[in-house]
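K.L.:
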Amino acid sequence: MSTESAGMSAQSSDTSFFGHPRGLATLFFTEMWERFAYYGMRALLILFMTSATDHVVTNPAGEALRDNPGLGFDLATAGAIYGMYTALVYILALPGGWVADNLWGQRKSVFVGGCFIAAGQLALVLPWIPTFFLGLGLIIIGTGLLKPNVSTIVGELYPEGGARRDAGFSVFYMGINLGAFIGPLLTGFFGEQYNWHWGFGVGAVGMILGLIQYKMGDKYLGEHGHLKAEMAAEDVEGKARKFYTVFAVSLVALAAFAFLVSNGTIPLSLQQIASYLGYSVLALVALFFFYLWTMGGHTGDENQRLGVIFWLFLLIAVFWSGFEQAGTSLNIFAEASTNRDLFGWLVPASMLQSINPVFIIIFAPIFGSMWVWLDKRKANPNLPLKAGLGLVFLAVGFFVIAWGAANTADGALVSPAWLVVTYFLHTSGELFISPIGLSAITKLSPEKRVGQMMGIWFVGAALGNLFAGLMAGTLDPDNPSALFSKVAMMVGAVGIVGILASPVVKKMMRGVK
Numbered sequence: 020m021s022t023e024s025a026g027m028s029a030q031s032s033d034t035s036f037f038g039h040p041r042g043l044a045t046l047f048f049t050e051m052w053e054r055f056a057y058y059g060m061r062a063l064l065i066l067f068m069t070s071a072t073d074h075v076v077t078n079p080a081g082e083a084l085r086d087n088p089g090l091g092f093d094l095a096t097a098g099a100i101y102g103m104y105t106a107l108v109y110i111l112a113l114p115g116g117w118v119a120d121n122l123w124g125q126r127k128s129v130f131v132g133g134c135f136i137a138a139g140q141l142a143l144v145l146p147w148i149p150t151f152f153l154g155l156g157l158i159i160i161g162t163g164l165l166k167p168n169v170s171t172i173v174g175e176l177y178p179e180g181g182a183r184r185d186a187g188f189s190v191f192y193m194g195i196n197l198g199a200f201i202g203p204l205l206t207g208f209f210g211e212q213y214n215w216h217w218g219f220g221v222g223a224v225g226m227i228l229g230l231i232q233y234k235m236g237d238k239y240l241g242e243h244g245h246l247k248a249e250m251a252a253e254d255v256e257g258k259a260r261k262f263y264t265v266f267a268v269s270l271v272a273l274a275a276f277a278f279l280v281s282n283g284t285i286p287l288s289l290q291q292i293a294s295y296l297g298y299s300v301l302a303l304v305a306l307f308f309f310y311l312w313t314m315g316g317h318t319g320d321e322n323q324r325l326g327v328i329f330w331l332f333l334l335i336a337v338f339w340s341g342f343e344q345a346g347t348s349l350n351i352f353a354e355a356s357t358n359r360d361l362f363g364w365l366v367p368a369s370m371l372q373s374i375n376p377v378f379i380i381i382f383a384p385i386f387g388s389m390w391v392w393l394d395k396r397k398a399n400p401n402l403p404l405k406a407g408l409g410l411v412f413l414a415v416g417f418f419v420i421a422w423g424a425a426n427t428a429d430g431a432l433v434s435p436a437w438l439v440v441t442y443f444l445h446t447s448g449e450l451f452i453s454p455i456g457l458s459a460i461t462k463l464s465p466e467k468r469v470g471q472m473m474g475i476w477f478v479g480a481a482l483g484n485l486f487a488g489l490m491a492g493t494l495d496p497d498n499p500s501a502l503f504s505k506v507a508m509m510v511g512a513v514g515i516v517g518i519l520a521s522p523v524v525k526k527m528m529r530g531v532k
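Put into structure tokens, the structure is as follows:
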């Protein structure tokens with residue numbers, strides 16, 4: 020047995036982390052701290068951008084405590100920035116995966132990505148608009164490098180596959196939600212109670228801690244995540260030259276475009292840019308699938324399964340366009356229209372962003388057990404039906420918050436219970452549609468298209484995030500119920516269509532369960 024094979028065998032038999040390889044702990048905490056930074060910053064982002072430049076923190080009695088100036092952007096501009104930022108985080112996972120596979124390996128990509136994220140969070144600490152946009156750009160690049168590749172290494176820890184790998188990913192998933200729970204609590208406390216930039220600084224500290232423990236736990240990952248040894252050095256060098264050239268040209272082109280837009284040479288608003296980006300991506304995906312169906316060289320069954328993937332792509336885009344109102348319009352509603360007085364302390368609105376991950380941690384195992392129980396009784400809903408039901412749960416959540424928002428006339432504040440119930444329903448919808456998505460993509464994809472179809476799933480999430488920001492930009496703070504009702508009807512209509520179409524879509528799966 021070779022040294023490398025022996026090392027991998029030892030890693031696969033390691034059970035020192037609650038029955039799993041010790042390397043899983045390294046990746047668990049890396050992902051936890053990255054999600055801590057991401058969701059903590061996301062909880063503050065829309066509030067910071069729309070907060071007035073002369074904003075003063077007050078207590079529930081209305082007494083001024085301290086200055087905490089924001090950027091003073093109008094809601095439409097802030098929504099467009101939020102949408103493009105969260106969309107690009109997902110889209111750059113595609114080149115991030117390519118870099119790992121062809122240039123650096125997953126291990127290096129994760130570390131470099133974490134460094135970019137930490138640098139971006141530190142840039143947000145500085146109180147200038149140029150460093151704000153620089154920080155967003157660095158976080159986008161860093162997340163694109165880290166997010167897809169840390170999951171890949173998790174999979175490599177279980178070369179035997181099977182139930183043990185599934186259990187490992189379940190543990191890893193808890194790390195994601197633990198970070199998403201803690202992040203908004205700490206960044207919200209420091210960001211809203213004291214200074215926005217302190218909140219962003221907390222995110223930077225979290226990512227730095229994640230990087231330190233990642234390097235300290237590097238030895239427990241064995242040989243997993245390194246660039247494949249069989250790749251010729253000259254091939255890697257050639258790909259590297261092309262990549263760095265394309266990367267540099269793209270940065271220059273983006274900087275030039277931003278300069279021409281900012282000085283009015285190109286008369287486009289941020290909302291228009293975001294809209295054109297969204298429609299362009301949607302058109303490109305549609306053309307890509309048309310190419311696959313007509314000239315992709317697939318069998319009839321494969322083409323039908325590709326049709327199912329395209330249908331799921333559309334449903335997941337609609338789902339995230341509603342779900343991601345959590346970080347935008349629902350966050351603003353929490354700040355402006357929710358009674359957050361807790362025994363004389365005004366609870367920061369961003370802290371309410373921790374409700375969803377708490378519900379995920381509680382109910383994900385329950386939903387998982389429920390699917391197993393239903394499957395044994397041959398009553399488990401099929402994949403397209405689950406997707407439609409997920410959208411319906413999301414819509415019901417928006418009807419609830421629209422009802423609550425209707426009680427905010429003349430500046431009245433409503434109980435945070437409206438948001439808690441809404442987030443519970445949204446979490447239920449998420450557990451119907453999101454966890455089963457990636458698994459379904461791997462089963463439905465033609466063998467040579469699995470990576471591309473996984474990318475399409477991420478692009479669907481990106482589109483949803485982009486349009487979520489644009490929709491949030493239309494929120495009327497004096498009548499928030501109007502937007503929530505509109506989103507509820509849109510998402511609900513798509514969900515009902517998804518349910519009605521599920522028998523046909525199930526047949527198109529051609530036996531895949």
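Residues in the sequence shown are numbered from 20 upward in steps of one, following my numbering.
Glycine is no exception: its CB is placed at the ideal position from the N, C-alpha and C atoms.
In this text, all values refer to a predicted model and were calculated from it rather than measured experimentally.
Output needed for L46: all residues of its chain with C-beta closer than 7 Å, excluding positions within five of it in sequence on either side, in chain order.
P.N.:
Here L46 has V169, I172, V173 and F191 as same chain residues with Cβ atoms under 7 Å from its own Cβ, once five neighbours each way along the sequence are excluded.
K.L.:
Locate the beta strand (DSSP E) running through T77, then write down its first and last residues.
P.N.:
That run of the beta strand (DSSP E) goes V75 to T77.
K.L.:
Please list the terminal residues of the continuous alpha helix (DSSP H) segment that includes R126.
P.N.:
Segment Q125 to V144, the alpha helix (DSSP H) holding R126.
K.L.:
Can you check whether the CB of G198 is closer than 9 Å to the CB of E53?
P.N.:
yes
K.L.:
Judging by CA-CA distance, which residue of D497, I460, N282 and L494 is the nearest neighbour of V531?
P.N.:
I460
K.L.:
Is it the case that the Cβ atoms of V327 and I475 are separated by a distance below 9 Å?
P.N.:
no
K.L.:
In angstroms with no decimal places, state the Cα-to-Cα distance between K397 and P522.
P.N.:
Their Cα atoms are separated by approximately 16 Å.
K.L.:
Tell me the DSSP bridge mates of F36?
P.N.:
H39
K.L.:
In whole angstroms, what separates the C-alpha of I515 from that of R184?
P.N.:
35 Å
K.L.:
Which same chain residues, not among the five before or five after Q323, have their C-beta less than 7 Å away from its C-beta?
P.N.:
M527 and R529
K.L.:
Please classify T49: does DSSP put it in a helix, a strand, or coil?
P.N.:
helix
K.L.:
Could you check the C-alpha separation between V76 and I201 for me, to the nearest Å?
P.N.:
23 Å
K.L.:
Leaving out five residues on either side along the sequence, give the residues of the same chain with a beta carbon under 6 Å from the beta carbon of T96.
P.N.:
L289
K.L.:
Assuming the contact rule is C-beta atoms closer than 8 Å, H243 and E175 should be a hit. Round their C-beta distance to whole Å, please.
P.N.:
Contact between H243 and E175 is confirmed by a C-beta separation of about 4 Å, below the 8 Å threshold.
K.L.:
If you follow the beta strand (DSSP E) that D394 is part of, which residue opens it and which one closes it?
P.N.:
Counting along the chain, D394 falls outside any beta strand (DSSP E), though it belongs to the alpha helix (DSSP H) covering I374 to K395.
K.L.:
Leaving out five residues before and five after P367 in sequence, what residues of the same chain have Cβ atoms less than 8 Å from its Cβ?
P.N.:
G207, F208, G210, E211, Q212 and R359
K.L.:
With DSSP run on the structure shown, which of helix, strand or coil describes L84?
P.N.:
strand
K.L.:
DSSP three-state call for V433: helix, strand or coil?
P.N.:
Correct three-state label for V433: strand.
K.L.:
Spell out a yes or no on whether the stretch 501 to 517 and the stretch 404 to 423 are touching, meaning 3 or more CB-CB pairs, one atom from each, closer than 8 Å.
P.N.:
yes
K.L.:
Under 9 Å between the Cβ atoms of Y109 and L64?
P.N.:
no
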